[in-house]
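Chains as they are written, first to last, in the working numbering: chain A, 25 to 205; chain B, 25 to 205.
From the three backbone atoms N, C-alpha and C, an ideal C-beta is built for every residue, glycine too.
Note that the structure is predicted; figures quoted are calculated from it, not measured.
Heads up, the thing below is written out as structure tokens.
There are 2 protein chains.
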Amino acid sequence: MPRNNRDIDQKEKKQAIIESAGSVFAEKDFDSASMAAIAKGAGVTPNTIYWYFENKDDLLIAVLNQQMSKVMPEVMAMRTASPTQRILHMIDAVESPGALMNTVHARISRSDALRTWHDNFHRMIEQILVFEATQHGIEPAKAVSYSRLLVYVIEGLISHPHETESREETIDQMLALVGIQ
Amino acid sequence: MPRNNRDIDQKEKKQAIIESAGSVFAEKDFDSASMAAIAKGAGVTPNTIYWYFENKDDLLIAVLNQQMSKVMPEVMAMRTASPTQRILHMIDAVESPGALMNTVHARISRSDALRTWHDNFHRMIEQILVFEATQHGIEPAKAVSYSRLLVYVIEGLISHPHETESREETIDQMLALVGIQ
DNA sequence: ACCTGAACACCGTTCAAGT
DNA sequence: ACCTGAACACCGTTCAAGT
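This is the structure:
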């Protein structure tokens with residue numbers, strides 16, 4: 025066993041760190057997930073993580089970005105599914121790896137990078153919802169304000185992973201209220 | 025100066041700790057607020073806090089309860105104000121002392137006591153909203169499901185303290201959608 | 001350029017000992 | 001019963017030193 029893994033491709037190692045972080049965040053939560061445990065899972069020393077990432081928040085952002093870039097194409101591809109089903113899929117994917125969304129909100133005041141990520145996330149979801157709403161014949165002005173309300177409901181569902189039962193019903197009700205589907 | 029403040033009434037000292045915690049949580053945030061800083065603000069040693077509270081989460085719950093028992097009567101007393109104004113007042117009061125609501129959500133998986141507090145909070149808000157809705161002639165079944173949606177929107181506004189501008193507009197839109205006011 | 005060992009400052013919490 | 005000093009185990013992060 026080599027003293028360090030220079031033979032392993034750098035992209036692979038960075039990827040290994042992100043994946044390890046993702047799974048440790050998922051089974052514990054952000055605060056309980058120590059850099060030591062994440063490093064161990066990736067087969068590196070804790071300090072090595074700091075070669076690839078500025079700090080723990082930066083690593084969190086990398087994990088979130090990875091998740092989103094996996095999920096969004098999936099959601100887009102669900103052409104035949106109902107809006108409710110598409111939203112449900114997104115919530116499931118975002119929420120199952122620990123309650124990271126709550127961590128994002130809780131740490132926004134501490135990390136500018138995290139706030140930027142969060143604002144972009146909101147913008148992205150809202151744009152999709154506005155598109156969806158206008159497709160359903162809702163006038164643009166209303167589509168924008170309804171989308172904002174919808175984002176809050178979606179975030180609410182993500183933030184409360186223990187209330188899974190009536191999740192679909194909740195989305196249906198909200199969509200019916202704003203006139204989508 | 026006495027070695028310890030036995031002369032000071034216990035209730036007063038406990039109260040001093042809660043108040044110190046409240047203000048330290050407000051200017052920093054839950055994680056950045058050290059027990060040392062809280063203790064200092066209350067004029068005690070860090071360990072003394074553990075005589076009065078089980079742990080940091082327990083102290084957080086005490087702060088939240090204190091806030092709520094101050095705010096709720098105020099909201100109830102606003103008889104002449106519109107529902108929007110009443111909701112706005114509650115959000116302002118809950119959110120201004122740091123983004124503690126986000127901390128609650130982020131730490132639910134770690135603390136059973138915090139989850140219990142959170143569930144009670146939801147129930148309380150939902151009951152008030154259901155009452156409000158039925159007052160406006162909305163049938164009970166719909167009142168319940170609308171209230172759940174409304175709670176998510178309210179929590180969304182609490183969770184995003186930096187989006188203050190359009191807050192009133194957002195509440196108005198949501199209330200209009202469900203037929204209140 | 002990439003990685004490590006060892007250290008730093010700090011944290012929440014515990015506990016034996018004091019009054 | 002109430003409070004403290006001193007310690008414990010752990011944390012994210014830094015940095016000089018190695019390859």
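Using 10 angstroms around the beta-carbon of residue i, count the other beta-carbons present and answer buried if the total reaches 16, otherwise exposed.
{"i": "residue 163 of chain B", "result": "exposed"}
{"i": "residue 75 of chain B", "result": "exposed"}
{"i": "residue 185 of chain B", "result": "buried"}
{"i": "residue 183 of chain B", "result": "buried"}
{"i": "residue 155 of chain A", "result": "exposed"}
{"i": "residue 80 of chain B", "result": "buried"}
{"i": "residue 25 of chain B", "result": "Residue placement at residue 25 of chain B is flagged as unreliable, the pLDDT there being 31, under the threshold of 50; a coordinate-derived value is accordingly withheld."}
{"i": "residue 53 of chain B", "result": "buried"}
{"i": "residue 58 of chain B", "result": "exposed"}
{"i": "residue 98 of chain B", "result": "exposed"}
{"i": "residue 78 of chain B", "result": "exposed"}
{"i": "residue 104 of chain B", "result": "exposed"}
Three-state secondary structure (DSSP) at residue i?
{"i": "residue 126 of chain B", "result": "helix"}
{"i": "residue 17 of chain B", "result": "The shown model of chain B, from 25 to 205, leaves out residue 17 of chain B, and the question about it has no answer."}
{"i": "residue 149 of chain A", "result": "helix"}
{"i": "residue 205 of chain A", "result": "coil"}
{"i": "residue 55 of chain A", "result": "coil"}
{"i": "residue 100 of chain A", "result": "helix"}
{"i": "residue 105 of chain B", "result": "coil"}
{"i": "residue 163 of chain A", "result": "coil"}
{"i": "residue 68 of chain B", "result": "coil"}
{"i": "residue 143 of chain A", "result": "helix"}
{"i": "residue 89 of chain A", "result": "helix"}
{"i": "residue 77 of chain A", "result": "coil"}
Residue i to residue j, Cα distance in whole Å?
{"i": "residue 87 of chain A", "j": "residue 40 of chain A", "result": "11 Å"}
{"i": "residue 115 of chain B", "j": "residue 108 of chain B", "result": "11 Å"}
{"i": "residue 195 of chain A", "j": "residue 90 of chain A", "result": "25 Å"}
{"i": "residue 151 of chain A", "j": "residue 160 of chain A", "result": "14 Å"}
{"i": "residue 93 of chain A", "j": "residue 60 of chain A", "result": "27 Å"}
{"i": "residue 65 of chain B", "j": "residue 44 of chain B", "result": "5 Å"}
{"i": "residue 188 of chain A", "j": "residue 33 of chain B", "result": "47 Å"}
{"i": "residue 199 of chain A", "j": "residue 173 of chain A", "result": "10 Å"}
{"i": "residue 123 of chain B", "j": "residue 203 of chain B", "result": "30 Å"}
{"i": "residue 141 of chain A", "j": "residue 201 of chain A", "result": "29 Å"}
{"i": "residue 50 of chain B", "j": "residue 37 of chain A", "result": "40 Å"}
{"i": "residue 112 of chain A", "j": "residue 192 of chain A", "result": "7 Å"}
{"i": "residue 132 of chain A", "j": "residue 85 of chain A", "result": "12 Å"}
{"i": "residue 129 of chain A", "j": "residue 169 of chain A", "result": "22 Å"}
{"i": "residue 197 of chain A", "j": "residue 125 of chain B", "result": "25 Å"}
{"i": "residue 100 of chain A", "j": "residue 153 of chain A", "result": "12 Å"}
| query | Which parts of the stretch 168 to 203 of chain B are runs of the alpha helix (DSSP H), unbroken and 4 residues or longer, counting only runs that do not cross its ends? | reply | Annotation note: the stretch 168 to 203 of chain B contains the following uninterrupted alpha helix (DSSP H) runs of length 4 or greater, listed N- to C-terminal: 191 to 202.
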